[in-house]
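The next block holds one structure in the form of structure tokens; read it before the comments.
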Amino acid sequence: MKKKIAILGSTGSIGKTTLNIVKKNKKDFEIILLTTNKNIKKILKQSKEFNVKNIIVTSNYHFKKLKKININKNLKIYNSFKNLKKIFKTKIDYSMCAISGIDGLKPTFDMIKFSKNIGIANKESIICGWSLINKEIKKNKTNFIPIDSEHFSIWSLIKNDIHKIDQIILTASGGPFLYKSKKFINKAKPEDALNHPNWSMGQKISVDSATMMNKVFELIEAKKIFNLNQKKFTILIHPKSYIHAIVKYENGLIKLLAHDTEMSIPIFNFFYHDRSKKIFSKPINLTLLNNLSFSQPNIKNFPSLKVLKSIPKNDTLFETILITVNDELVKSFLKNKIKFNDISQHLLKIIKIKELRKYIYKRPINIKEILKTMNLSKHITIKFLKKNA
Ligand code: NAD
Ligand code: MG
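Each residue of the sequence shown is one higher than the one before, starting from 115 at the first, in the numbering used here.
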């Protein structure tokens with residue numbers, strides 16, 4: 115029988131990769147829902163190609179525009195995730211949550227009760243709202259699988275394992291500036307930061323890879339998902355991105371997981387985690403295996419890593435502040451308003467601002483509170499940027 119699925123953020127990088135997998139395995143899937151923020155041209159094309167009857171377009175302007183131009187009477191177009199109840203009568207088999215940013219938190223949360231299996235790529239929702247998401251997952255007996263490649267790899271390595279974890283290595287490619295001079299980085303333009311050597315991703319996550327902020331976020335993400343102390347994690351630069359996780363157990367065994375640098379691999383294995391299916395993949399790369407190189411990142415080259423010292427032990431609103439401030443700074447850099455180095459320099463200053471520091475030890479009680487903190491952090495960052503322009 116076909117598995118019923120939903121893809122949140124289907125017009126983005128992860129969304130499109132997910133649809134490519136569905137396309138190659140059409141007999142296995144029926145897509146019930148696709149969503150986008152603004153990309154109505156693409157979602158309309160996707161809904162036609164995959165015969166999808168429900169779509170959500172969250173931007174009001176684009177929703178109205180699509181309602182005007184759509185001629186397919188069988189296509190139901192909604193404007194908000196409040197309509198999920200109308201779309202799903204029973205739980206569907208798989209949901210892929212691939213909206214970018216904190217805006218993905220509420221939709222991801224709302225999707226849990228309608229999903230037997232939920233794959234979350236939207237790292238921001240895990241980082242800011244894990245305690246709420248985890249509670250909802252348990253309440254609804256939904257199976258959660260992380261999609262971020264490092265976290266998917268750790269999950270694959272440790273599932274069904276009874277041994278205790280001693281240490282986990284999170285690998286980082288080092289991004290496009292790893293071998294670049296200070297002079298080059300000082301003058302780096304958005305297109306330089308977006309030119310990732312190994313991965314093809316959305317803009318925001320590509321800039322986060324260049325600053326190494328993505329690895330800071332991934333460490334927080336991993337510590338929450340696997341419920342481990344931050345001290346158990348080490349970040350190592352591994353420029354080839356062939357190994358995605360290394361787990362050392364208390365019994366002395368060390369497991370490594372390698373795969374090609376394609377998000378299609380974790381996504382495919384999310385859909386087929388409990389059934390056997392072959393994916394087209396390249397043979398083991400001996401040249402890569404013979405040249406696996408790992409090194410400690412230099413904090414002088416990646417000042418964002420200094421943030422690691424400030425991360426609270428438990429889930430707090432600090433993570434929301436961190437995500438939002440970084441998000442605003444990345445947007446500003448992409449608009450050529452600040453320099454690349456300003457992203458980490460400003461970030462380290464803004465998170466110390468008194469009005470924000472009081473949230474460092476406050477546990478988020480609901481999504482509304484997270485979104486309120488997001489708005490405050492946005493406001494303070496914009497104020498800071500105006501003052502320092
Ligand atoms: P993207 O920018 O390419 O796509 C984002 C998608 O979310 C689009 O479909 C867009 O329409 C939708 N969206 C954006 N803002 C929205 C809003 N306000 N409301 C509703 N929908 C909205 O992003 P991406 O690279 O596919 O990344 C998606 C998520 O997956 C991010 O959280 C990212 O950190 C994570 N992730 C991505 C990769 C990757 O390889 N791209 C790898 C690991 C994790
Ligand atoms: Mg990752």
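Backbone N, C-alpha and C fix where the C-beta goes; we use that ideal spot for every residue, glycine too.
Look at residue 257 here: in three-state DSSP terms it is strand. Membership of residue 460 in the alpha helix (DSSP H) is indicated by the continuous run 454 to 464. Going by DSSP, residue 359 is part of the beta strand (DSSP E) stretching over 357 to 363. Beta-bridge annotation (DSSP): residue 144 is paired with 118. Assignment of beta-bridge partners to residue 242 by DSSP yields no partner.
Taking 6 Å as the cut-off, one finds no heavy atom of ligand 1 near enough to the beta carbon of residue 161.
Beta-bridge analysis with DSSP links residue 206 to 229. Annotation for residue 127 indicates a beta carbon at 6 Å or more from all heavy atoms of ligand 2. Distance from the C-beta of residue 239 to the nearest heavy atom of ligand 2 is not below 6 Å. In the DSSP secondary-structure assignment, residue 330 is not bridged to any residue. With distances taken between CA atoms, residue 332 lies nearest to 283 out of 164, 283, 386 and 370.
When secondary structure is reduced to three states using DSSP, residue 500 falls in the helix class.
At least one heavy atom of ligand 1 lies closer than 6 Å to the C-beta of residue 214. In this structure, residue 225 and residue 214 do not form a Cβ contact; the two beta carbons are roughly 15 Å apart against a cut-off of 8 Å. Residue 390 counts as exposed, since fewer than 16 other beta carbons sit within 10 angstroms of its beta carbon.
Close CB contacts of residue 410 within its chain, under the 7 Å cut and outside five residues either way in sequence, are with 350 (chain order). Distances taken from the Cβ of residue 262 to the heavy atoms of ligand 2 include one shorter than 6 Å. Pairwise C-beta distances place the region 392 to 410 in contact with the region 373 to 383, as three or more of them are shorter than 8 Å.
For residue 300, the enclosing alpha helix (DSSP H) starts and ends at 296 to 300. In this structure, residue 263 keeps its C-beta atom at 7 Å or more from the C-beta atom of residue 352. Taking the Cα positions, residue 366 is about 10 Å away from residue 277. Shown here for residue 126: same chain residues with a beta carbon closer than 7 Å to its own, the five before and five after excluded, namely 212, 214 and 316 in chain order.
With a threshold of 6 Å, the Cβ atom of residue 235 counts as near ligand 1, since some heavy atom of the ligand is closer than that.
No Cβ-Cβ contact shorter than 7 Å links residue 242 with residue 464. As a beta-bridge residue in DSSP terms, residue 192 pairs with 170. Per DSSP, the unbroken beta strand (DSSP E) holding residue 372 starts and ends at 368 to 372. Across the set 131, 124 and 255, the C-alpha of 131 shows the shortest separation from the C-alpha of residue 383. Taking C-alpha positions only, residue 387 is separated from residue 192 by approximately 31 Å. Remark: three or more beta-carbon pairs, one from each stretch, lie closer than 8 Å, so the region 432 to 443 and the region 469 to 478 are flagged as touching. Relative to the Cα of residue 361, the nearest Cα in the group 288, 290, 267 and 293 belongs to 267. With contacts defined by Cβ atoms closer than 7 Å, residue 255 and residue 444 do not form a contacting pair. Three or more Cβ pairs closer than 8 Å define a contact, and the region 137 to 156 meets that threshold against the region 165 to 177.
Residue 350: member of the beta strand (DSSP E) spanning 347 to 351, first to last residue.
The C-alpha of residue 201 is placed about 36 Å away from the C-alpha of residue 321.
Counting the other Cβ atoms within 10 Å of the Cβ of residue 324 gives 16 or more, which makes it buried. Excluding its 5 nearest sequence neighbours in each direction, residue 298 has no C-beta neighbour in its own chain below 6 Å.
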